[in-house]
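**Q** Mind the numbering: the sequence shown is residues 1 to 286 in the UniProt record's numbering, read in order.
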Amino acid sequence: MILITGATGHIGSAVIERLLQLTAPGQVAGLVRDEAKAAGLKAQGVQIRVGDYNDPASLDQAMQGVTKVLLVSGGGDDDGLQQHYNVVDAAKKAGVGCLAYTSRALKNPDTLVNQLMVRHFQTEDYIRASGVPYILFRNILYMDTLPQFVGPQVFEKGIRLPAGQGRVSFALRRDMGEAIANVLADSRCDNRIFTFTGDATYSFADVAVALSELSGRPVEYHAIGQEAFAARLQAQGLPVGAIQRINGFLTDIKNSQEDTISSDLSDWLGRPPTPLKKGLKTIFKL
C-alpha cells in the first residue's frame with residue numbers, strides 16, 4: 001500500500017494519476033483533510049485516509065497497513081516544519097518500510113536567502129535520523145508557477161522582477177509527478193536521492209521571448225531592484241512577511257540557486273521533460 005499525502009493537491013494528484021496506471025487502485029491510498037474533496041479519487045478506487053499534518057493521532061490512523069509513504073511538503077505555515085516531523089514520526093511508529101519526501105533542488109542550503117526553503121533540508125535530516133529507509137525527490141521550481149511570478153498583466157506590462165539574469169531548469173508538475181510515481185512503483189527503497197530538473201536552464205528573459213513568440217505580442221523582461229519590487233507588492237496590499245519571502249525566492253534565483261541540471265527526471269520519464277516553450281503554451285493556453 002502506497003500512501004500519498006496532499007492527495008488532492010497539484011503534485012499529489014499527479015503522482016496518483018500515474019500510480020493508477022502502474023498498480024491496482026486498491027494499492028494506492030490518499031491522505032486528505034477533507035474527504036468530500038477526494039470524491040474523484042475515491043471513484044477511481046483510491047483508498048481515502050483522512051488526516052492532518054497537525055493531528056498526530058489522525059496520522060497514526062492513516063498509516064495503518066501502509067508500506068510506503070510519499071510526504072508531499074506542506075505550505076508556508078509557521079509550524080510547517082513540525083508538520084513534516086509529525087508525518088515522519090507517524091510513519092516510523094507504524095513501521096512503514098519506505099518514506100519518500102518532495103524536497104527542493106537548490107545548490108547551497110547554507111546561502112539561501114529564502115529561509116522557508118531551509119525547512120526542506122531540515123526535514124531531510126529528520127528523515128535520515130528516523131532510521132526509516134527513504135527516497136528524497138529534490139524538485140526544481142515548477143514551471144506551472146510562472147504565472148504567479150510574471151503576474152496577470154504580463155502581456156500588457158511585461159515582466160519586472162529582481163531576478164537579474166538568474167536561470168532556472170524549470171519542469172512541469174505533471175512530469176515530476178509521473179517520474180515520482182515511476183520511482184515509487186519500483187520495489188527499491190535504499191536511501192536514494194533524485195534531483196528532478198528540466199534538461200535546460202532559462203532566465204526570465206527567455207520566458208519573455210517564449211511568451212512573445214507564442215502570443216504574437218511583445219513581452220519584455222526588466223531586471224529591477226528589490227526595493228522597487230517590494231514597493232510594488234506593498235502597494236498591492238501584501239504583508240511584509242510575504243514580500244520578504246517572495247523577494248528572497250527571486251534573489252535565490254538571481255544567485256544561481258535554481259540552475260542545476262540533472263538527467264534524473266528524463267531517465268525516470270523515459271523521455272525528455274517538457275521544454276519551456278511547450279510548457280508555457282499549455283500553462284498560458286496559447
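All residues carry an ideal CB built from backbone N, CA and C; glycine is no exception.
(1) Taking a contact to mean a Cβ-Cβ separation below 9 Å, would you say I16 touches A185 in this structure?
(2) How would you label S187, buried or exposed, when you count the other beta carbons within 10 angstroms and need 16 or more for buried?
(3) Can you tell me which residues form a DSSP beta bridge with V50?
(4) Find out if the Cβ-Cβ distance for the pair V207, L146 is shorter than 9 Å.
(5) Can you name the residues that DSSP bridges to residue 289?
(6) Please list, in chain order, all residues of the same chain as I246 whose beta carbon is under 7 Å from its beta carbon, the five residues on each side excluded.
(7) Shortest alpha-carbon distance to Y101 belongs to which of N108, L112, D110, K68?
(8) Restricting to runs no shorter than 4 residues, where is the alpha helix (DSSP H) found entirely within the region 214 to 243?
(9) Just to confirm my understanding: we take L22, look at its own chain, exclude 5 residues before and 5 after, and list those with CB closer than 6 Å. What are they?
(10) Going by other Cβ atoms of all chains shown within 10 Å of its Cβ, with 16 needed for buried, is E227 buried or exposed?
(11) With burial defined as no fewer than 16 other Cβ atoms inside 10 Å of the residue's Cβ, what is the status of R138: buried or exposed?
(12) Work out the CA separation of D34 and A210 for me, nearest whole Å.
(13) How big is the Cα-Cα spacing for P272 and G166?
(14) Below 8 Å, is the gap between the Cβ of L3 and the nearest heavy atom of the ligand SAM?
(15) Take A91 and list the residues in its own chain whose beta-carbon comes closer than 7 Å to its own, dropping the five residues that flank it on each side.
(16) Check whether the region 155 to 173 touches the region 123 to 131, taking contact to mean three or more Cβ pairs, one atom from each stretch, closer than 8 Å.
(17) To test your reading of the DSSP string, which unbroken alpha helix (DSSP H) runs of 4 or more residues are found completely within the region 144 to 179?
(18) Can you give the beta carbon distance from I11 to M117, rounded, assuming they're within the 8 Å contact cut?
(19) Where DSSP assigns a beta bridge to Y126, which residues make up the other side?
(20) Give the range of the alpha helix (DSSP H) segment to which T282 is assigned.
(21) Helix, strand or coil for V209 per DSSP?
(22) For I193, does the count of other Cβ atoms within 10 angstroms reach 16, so buried, or fall short, so exposed?
(23) Is it true that the CB of G51 sits closer than 9 Å to the CB of V32?
(24) When we look at the beta-carbon of E178 and count the other beta-carbons within 10 Å, is it buried (16 or more) or exposed?
(25) Exposed or buried, which one is residue 296 when buried takes at least 16 other CB atoms within 10 Å?
(26) A39 to D89, Cα distance in whole Å?
(27) To which residues of the same chain is H120 closer than 7 Å at the C-beta, ignoring the five residues directly before and after it?
(28) Which of the three DSSP states, helix, strand or coil, is assigned to A39?
(29) Take I253 and list the residues in its own chain whose beta-carbon comes closer than 7 Å to its own, dropping the five residues that flank it on each side.
(30) Go ahead and label N108 buried or exposed: buried means 16 or more other beta carbons lie within 10 angstroms of its beta carbon, across all protein chains shown.
**A** According to the structure shown:
(1) Taking the first residue of the sequence shown as position 1, residue 16 is located at position 16. Taking the first residue of the sequence shown as position 1, residue 185 is located at position 185. In this structure, A185 does not lie closer than 9 Å to I16 by Cβ.
(2) In the sequence shown, the residue the question calls residue 187 occupies position 187. Classification of S187: exposed, given that the 10 Å Cβ count is below 16.
(3) Here residue 50 refers to the residue found at position 50 of the sequence shown. V32, per the DSSP bridge assignment.
(4) Here residue 207 corresponds to residue number 207 of the sequence shown, with the count starting at 1. Here residue 146 corresponds to residue number 146 of the sequence shown, with the count starting at 1. Cβ distance < 9 Å, so V207 and L146 count as in contact.
(5) Look at the range of the chain in this structure, 1 to 286, and you will see that residue 289 is not part of it.
(6) Taking the sequence shown and counting its residues from 1, one reaches residue 246 at position 246. Around I246: L233.
(7) Counting from 1 along the sequence shown, the entry for residue 101 is found at position 101. The candidate whose alpha carbon is nearest that of Y101 is K68.
(8) The qualifying runs are 226 to 235.
(9) Taking the first residue of the sequence shown as 1, we reach residue 22 at position 22. Only A185 meet the Cβ criterion.
(10) Position 227 of the sequence shown holds residue 227. Around the beta-carbon of E227, fewer than 16 other beta-carbon atoms lie within 10 Å, marking it exposed.
(11) By 1-based counting over the sequence shown, the position of residue 138 is 138. So R138 ends up on the buried side.
(12) What you label residue 210 is simply residue 210 of the sequence shown in a count that begins at 1. What you label residue 34 is simply residue 34 of the sequence shown in a count that begins at 1. C-alpha separation (whole angstroms): 39 Å.
(13) Residue 272 sits at position 272 when you count from the first residue of the sequence shown. Residue 166 sits at position 166 when you count from the first residue of the sequence shown. Roughly 23 Å separates the two Cα atoms.
(14) This structure lacks the ligand SAM, and indeed carries no ligand of any kind.
(15) Here residue 91 is taken as the residue at index 91 of the sequence shown, counted from 1. For A91, where only same-chain residues beyond five positions count, the Cβ hits under 7 Å are M63, V69, L99, V132.
(16) No, because fewer than three Cβ pairs between the region 155 to 173 and the region 123 to 131 fall closer than 8 Å, the two stretches do not touch.
(17) 146 to 150, 154 to 157
(18) Position 11 of the sequence shown holds residue 11. Position 117 of the sequence shown holds residue 117. Rounded, the Cβ-Cβ distance is 16 Å, inconsistent with contact.
(19) The sequence position of residue 126 within the sequence shown is 126, counting from 1. For Y126, which the question treats as bridged, DSSP gives no partner whatsoever.
(20) Counting from one through the sequence shown, the residue named residue 282 turns up at place 282. First-last of the alpha helix (DSSP H) with T282: 276 to 283.
(21) As a working note, residue 209 is residue 209 in the sequence shown. Note: V209 maps to helix in three-state DSSP.
(22) Reading the sequence shown from its first residue, position 193 is the one you call residue 193. Classification for I193: exposed.
(23) Along the sequence shown, one-based indexing puts residue 32 at 32. Along the sequence shown, one-based indexing puts residue 51 at 51. The answer is yes: Cβ separation under 9 Å.
(24) Here residue 178 corresponds to residue number 178 of the sequence shown, with the count starting at 1. Its Cβ being crowded by 16 or more others within 10 Å, E178 is buried.
(25) The first residue shown for the chain is 1 and the last is 286, placing residue 296 beyond what the model contains.
(26) Within the sequence shown, numbered from 1, the residue matching residue 39 stands at position 39. Within the sequence shown, numbered from 1, the residue matching residue 89 stands at position 89. If I take the Cα positions, the gap works out to 28 Å.
(27) Start at 1 with the first residue of the sequence shown, and residue 120 comes out as number 120. S73, S103, R104, listed in sequence order.
(28) Working through the sequence shown from its first residue, we reach residue 39 at position 39. A39 falls in the helix class under three-state DSSP.
(29) Start at 1 with the first residue of the sequence shown, and residue 253 comes out as number 253. A163, G166, V168.
(30) Position 108 of the sequence shown, counted from the start, is the residue given in the question as residue 108. The residue in question, N108, is exposed, as its Cβ has fewer than 16 Cβ neighbours within 10 Å.
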